[in-house]
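Number of protein chains: 2
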Amino acid sequence: MVDKDQVRNNIIRAAGTIFSKFGFRKTTMEEIARAAGKGKSSIYYYFSSKEEIFEAVVVKEARTLKKELSKVIAGSPDPLEKLRNYILVRMKTFHQLSNFYRAIFDEGLSHFDFIERIRERYDKQEILTIRSIFLEGIKTGQFKPEDPDLVAIAIVRALKGLEIPLFWTHVNEDVDIATEEILNILFYGIVKQ
Amino acid sequence: MVDKDQVRNNIIRAAGTIFSKFGFRKTTMEEIARAAGKGKSSIYYYFSSKEEIFEAVVVKEARTLKKELSKVIAGSPDPLEKLRNYILVRMKTFHQLSNFYRAIFDEGLSHFDFIERIRERYDKQEILTIRSIFLEGIKTGQFKPEDPDLVAIAIVRALKGLEIPLFWTHVNEDVDIATEEILNILFYGIVKQ
DNA sequence: CGGAATTCGACCATTATATTCGTAAAGTCT
DNA sequence: AGACTTTACGAATATAATGGTCGAATTCCG
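Protein chains in written order, with my numbering: chain D, 964 to 1156; chain A, 964 to 1156.
Here's what the structure looks like:
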């Protein structure tokens, strides 16, 4: 009982790396089991279905990302730095997990209601976070005193816009550059001069 | 007739990127077709099977690698540079195509006889190339006058050794470092001082 | 027009795969 | 040790995915 969670976590970790490489559909229980060092049937002792494993992985991944972003934000007192680092880390993570997240958007995979929920909650949180950074920046006089709600939403939309080519084309290398580019444009348009 | 080759190449290119991401097994005809902008059945007008497409991709990829390596070797007159660059480029390419090549080694996929043939020919060629560079280096006095055949084979084996963890673990980032490391060790043991 | 080249939807046969189940092995407690 | 619980897995199954075929439609081109 005590290390059932241990094994569960192990499975989640193993499954995570495979999902992130091949997405939901192309990942088989066989592979997950092998990567976790167990027989295929044994997995069902810990999870009732492939979807449940996927859900666990998504939840864990979301939590990790959230933690990482918090750390980044706390890392610098300068709102400008904060915003820059936040966006950079967020894009990098999404980039790494492109296959993984593609599974979420791909085809009929969107009928995973728990994903919709996570996604929605995440979007709202992200808007709030950016809004808050932006507000700080207004206070310090570094950002123009625009409506923070509108600006936050605009930025989130821009980031979402970056996801699309990120997940569908295979020209992944360009994304980092594109992100930097967008960041610069964003700042030149946002920073009070 | 004239742009049948055009379409064929297009299919090969499309299939190549998918194979390189997911390997032979996980890549479906449906995906290849979609990526090539054709219906699934239409693909069979140009290729008689999935294996045939795979073969075409492998051949093309091998040709590209060969060309790139030739260029690198011709690029520098210094045997030491040559060897270093050769190994670097070779490892980088194999690294990028890890999924792709994994398909070759995975499970029962090795009964693709044409792959065996390519592989064998490639290994022999590689030994000759390295041997030749090493001989140059002996002439210039930069390498110890060891038996070039044995040294070449040893190096090729070392490179092959690097492939294994390269293709099977997921800690891919470490490989570049590992390669550099090996290169340094190799040179410190090889370069006359 | 008329025939050849090209495309594709519908279909089939086979395979792959998620999940179940019965049972074996490994602990655990008394 | 023996009974009882937890954990593991091989074999079996039902279903979905997929490679490949075929004939009909569409486009090309003289």
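From the three backbone atoms N, C-alpha and C, an ideal C-beta is built for every residue, glycine too.
Exercise. Can you give me the Cβ contacts of Thr1056(A) inside the same chain, cut-off strictly under 6 Å, excluding the 5 residues immediately before and after it?
Key: Counted from its first residue, the second sequence places residue 1056(A) at position 93. Excluding positions up to five away in sequence, the list reads Leu1028.
Quiz item: On the three-state DSSP scale, how would you describe Phe1010(A)?
Solution: Taking the second sequence and counting its residues from 1, the one referred to as residue 1010(A) is at position 47. Here Phe1010(A) sits in coil by DSSP.
Quiz item: Rounded to a whole number of angstroms, what is the C-alpha to C-alpha distance between Lys1023(A) and Val1022(D)?
Solution: Counting from one through the second sequence, the residue named residue 1023(A) turns up at place 60. Counting from one through the first sequence, the residue named residue 1022(D) turns up at place 59. Cα to Cα, the separation comes out at about 42 Å.
Exercise. Express the C-alpha separation of Leu1091(A) and Arg1084(A) in angstroms, rounding to a whole number.
Key: Working through the second sequence from its first residue, we reach residue 1084(A) at position 121. Working through the second sequence from its first residue, we reach residue 1091(A) at position 128. C-alpha separation (whole angstroms): 11 Å.
Self-check item: Cβ neighbour criterion (16 or more within 10 Å) applied to Thr1132(A)
Solution: Locating residue 1132(A) in the second sequence gives position 169, counting from the first residue. Any reading at Thr1132(A) must be qualified, since the residue scores a pLDDT of 43, below 50, and its modelled position is unreliable; the value itself is stated next. Flag for Thr1132(A) reads exposed.
Quiz item: Considering only C-alpha positions, which residue in the set Glu993(D), Val1035(D) and Ala998(D) is nearest to Ala977(D)?
Solution: Position 14 of the first sequence, counted from the first residue, corresponds to residue 977(D). Minimum Cα distance to Ala977(D) is reached at Ala998(D).
Quiz item: When burial is assigned at 16 or more other CB atoms within 10 Å of the CB, is Asp966(A) buried or exposed?
Solution: Counting from one through the second sequence, the residue named residue 966(A) turns up at place 3. Looking at its Cβ environment, which holds fewer than 16 other Cβ atoms inside 10 Å, Asp966(A) is exposed.
Quiz item: Just curious, the alpha helix (DSSP H) that Gly1000(A) is in, first and last residue?
Solution: Numbered from 1 along the second sequence, position 37 holds the residue referred to as residue 1000(A). Careful: Gly1000(A) lies outside any alpha helix (DSSP H) and carries neither H nor E.
Quiz item: Nearest to Val970(A) by CA position, among Thr990(A), Ser1005(A), Asn1048(A) and Phe987(A), is which residue?
Solution: Here residue 970(A) is taken as the residue at index 7 of the second sequence, counted from 1. The residue with the shortest Cα to Cα distance from Val970(A) is Ser1005(A).
Exercise. Identify whether Asp1086(A) lies in helix, strand or coil by the three-state DSSP scheme.
Key: Locating residue 1086(A) in the second sequence gives position 123, counting from the first residue. Helix at Asp1086(A).
Quiz item: Can you tell me whether Leu1113(A) is buried or exposed, with buried defined as 16 or more other CB within 10 angstroms of its CB?
Solution: Along the second sequence, one-based indexing puts residue 1113(A) at 150. The residue is exposed, with fewer than 16 neighbouring Cβ atoms inside 10 Å.
Exercise. Report the option in Leu1043(D), Ser1011(D) and Glu993(D) whose CA atom is closest to the CA atom of Thr1103(D).
Key: Here residue 1103(D) is taken as the residue at index 140 of the first sequence, counted from 1. Among Leu1043(D), Ser1011(D) and Glu993(D), the Cα nearest to that of Thr1103(D) is on Leu1043(D).
Quiz item: In terms of residues, what are the limits of the alpha helix (DSSP H) holding Thr980(A)?
Solution: Walking along the second sequence from the start, residue 980(A) turns up at place 17. Per DSSP, Thr980(A) belongs to the alpha helix (DSSP H) from Lys967 to Lys989.
Self-check item: Cβ neighbours of Phe1063(A) in the same chain (closer than 7 Å, five flanking residues each side left out)
Solution: Here residue 1063(A) refers to the residue found at position 100 when the second sequence is read from its first residue. Counting only Cβ-Cβ distances below 7 Å, and skipping sequence neighbours, we find Phe982, Ser983 and Gly986.
Practice problem: Assuming Gly979(A) contacts Val1020(A) (C-beta within less than 8 Å), just tell me the rounded distance between them. | Solution: Position 16 of the second sequence, counted from the first residue, corresponds to residue 979(A). Position 57 of the second sequence, counted from the first residue, corresponds to residue 1020(A). 5 Å between Cβ atoms; contact.
Quiz item: With a CB to CB cut of under 6 Å and the five nearest residues on each side skipped, what residues in its chain are close to Thr1046(A)?
Solution: For this step, residue 1046(A) is matched to residue 83 along the second sequence. The sequence shown places Leu at residue 1046(A), not Thr. Excluding sequence neighbours, Leu1046(A) sits near Ile1096.
Quiz prompt | Short Cβ contact (7 Å threshold) for Ala1115(A) with Ile1093(A) | solution = Counted from its first residue, the second sequence places residue 1115(A) at position 152. Counted from its first residue, the second sequence places residue 1093(A) at position 130. Taking 7 Å as the Cβ cut-off, Ala1115(A) and Ile1093(A) qualify as a contacting pair.
Quiz item: Does DSSP classify Ser1039(D) as helix, strand or coil?
Solution: Taking the first sequence and counting its residues from 1, the one referred to as residue 1039(D) is at position 76. Correct three-state label for Ser1039(D): coil.
Quiz item: Thinking just about the alpha-carbon of each residue, which of Asp1110(D), Ile975(D), Ala1025(D) and Leu1146(D) is nearest to the one in Phe1010(D)?
Solution: Mapped onto the first sequence, residue 1010(D) falls at position 47. Among Asp1110(D), Ile975(D), Ala1025(D) and Leu1146(D), the Cα nearest to that of Phe1010(D) is on Ile975(D).
Quiz item: Can you give the Cα-Cα distance for Leu1149(D) and Val1119(D), rounded to whole angstroms?
Solution: As a first step, residue 1149(D) must be located in the first sequence, where it is residue number 186. As a first step, residue 1119(D) must be located in the first sequence, where it is residue number 156. For Leu1149(D) and Val1119(D), the distance between alpha carbons rounds to 12 Å.
Quiz prompt | CB of Lys1001(A) within 7 Å of CB of Glu993(A), strictly | solution = Position 38 of the second sequence, counting from 1, holds the residue named residue 1001(A). Position 30 of the second sequence, counting from 1, holds the residue named residue 993(A). Against a cut-off of 7 Å, the Cβ pair of Glu993(A) and Lys1001(A) comes out as no contact.
Quiz item: Measuring CB to CB, does Pro1111(A) end up less than 7 Å from Leu1122(A)?
Solution: Indexing the second sequence from 1 puts residue 1111(A) at position 148. Indexing the second sequence from 1 puts residue 1122(A) at position 159. No, the pair does not count as a contact, with Cβ atoms beyond the cut-off.
Quiz prompt | Closest Cα partner of Asp1086(A) within the set Gln1059(A), Ala1117(A) and Ile1101(A) | solution = Taking the second sequence and counting its residues from 1, one reaches residue 1086(A) at position 123. Checked all of Gln1059(A), Ala1117(A) and Ile1101(A); the closest Cα to Asp1086(A) is Ala1117(A).
Quiz item: Would you call Tyr1049(D) buried or exposed, if buried means 16 or more other Cβ atoms sit within 10 Å of its Cβ?
Solution: For the purposes of this step, residue 1049(D) is taken as the residue at position 86 of the first sequence. Counting Cβ neighbours within 10 Å, Tyr1049(D) comes out buried, since at least 16 surround it.
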